[in-house]
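Asker: Heads up: the sequence shown at position 114 corresponds to 114 in UniProt numbering, and the numbers run straight through without jumps.
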Amino acid sequence: MVFLVFFSALLGACKTSKESNDDTTLLAILLAQTASAPCSTRCHMFLTSSSRSGRIGIGGVAGADAVCNADSNRVQGKTYKAMVTVSGVREALGNPTGTMTYTDWVFKANTFYSNSIDTSNTTGATTTSNRIFRDSNTTMQMNFALGTNGTRFWTGMTITGGNLVNSSDNCTNWTITNAGINGVTGLVGASTTTLVDTTTDTCNVTKSIVCVEQ
């Protein structure tokens, strides 16, 4: 009986909004932490149906993961992580064709990723042994688009001197909605998706998120 009362209260606290961060509730965080069988040679990824300001969710990266695991574009029964970087928390650093280091990185090596909204599972791209995409020798560019051309999404990473690095422009570790602070974004292109870009936007503006199956 106590559990039922708690669960009812939890559901009652949930809110639904496309352009607000307030709907990232305890229930969404619990969904993000729910274990599922890991994907192997074929995994899903998607662009969120909702957009978020720089305060993506409660708790920075953990909140962003919760957003992914509650989004309508997810495949139910699978677990996803958000492709947003924070130094020492989630990152992939180093030379895209040389040596790289990882912390809680979202992509696996030599794995085919397809868009979760593509029911045929035929449109996708394969990561390199360095756990990144590299289409036409362009680092972190895929040969398929995740969504509508021109759509931007938060990332927090860029390429400096040929190396994949974190940017200090990450809306204070994805915890702030502030017009005076910036976050780095990626771009859905005409035939490709650029997962790393140098373009920034202010953290009060809403963007989508890339979610990757684990």
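Glycine included, each C-beta is placed from N, C-alpha and C at the ideal position.
(1) Would you tell me roughly how many angstroms separate the C-alpha atoms of ARG90 and MET83, rounded to the nearest one?
(2) My output table needs one value for VAL212: the three-state DSSP class, helix, strand or coil.
(3) Report the three-state DSSP secondary structure of GLY180 (helix, strand or coil).
(4) Pull up the DSSP beta-bridge partners for ILE159, would you.
(5) Whose C-beta lies closer than 7 angstroms to the C-beta of ALA92 among residues of the same chain, with five residues either side of it excluded?
(6) When you compare the CB positions of GLY54 and ILE176, do they come within less than 7 angstroms of one another, or not?
(7) When you compare the CB positions of SER116 and ASN69, do they come within less than 7 angstroms of one another, or not?
(8) State the start and end residues of the unbroken beta strand (DSSP E) segment that holds THR41.
(9) Applying the 10 Å Cβ sphere with the 16-neighbour rule, what's the burial state of ARG52?
(10) Within a Cβ cutoff of 6 angstroms, which residues of the same chain sit near GLU201, ignoring the five residues on either side of it in sequence?
(11) Quick one, are the C-beta atoms of MET45 and VAL205 less than 7 angstroms apart?
(12) Please classify VAL196 as buried or exposed, where buried requires at least 16 other C-beta atoms within 10 Å of its C-beta.
(13) Which first and last residues belong to the alpha helix (DSSP H) in which PRO201 is found?
(14) Going by DSSP in three states, VAL188 sits in which element: helix, strand or coil?
(15) Our contact map puts THR172 next to ILE181 with C-beta atoms below 8 angstroms; I'd like the distance itself, whole angstroms only.
(16) Does the distance from the C-beta atom of THR198 to that of MET142 stay below 7 angstroms?
Answerer: With the structure as the only source:
(1) 8 angstroms
(2) strand
(3) coil
(4) LEU164
(5) MET100, TYR102, TRP105, ARG131, ILE132 and LEU164
(6) yes
(7) no
(8) First-last for THR41: undefined, no H or E at that position.
(9) buried
(10) The question names Glu, yet the displayed sequence has Asp at residue 201. If we look at ASP201 and ignore the five residues flanking it on each side, its Cβ neighbours are THR185.
(11) no
(12) buried
(13) Looking at the sequence itself, residue 201 is Asp, so the reference to Pro does not match. From DSSP, ASP201 is part of no alpha helix (DSSP H) but of the beta strand (DSSP E) over 200-202.
(14) strand
(15) 6 angstroms
(16) no
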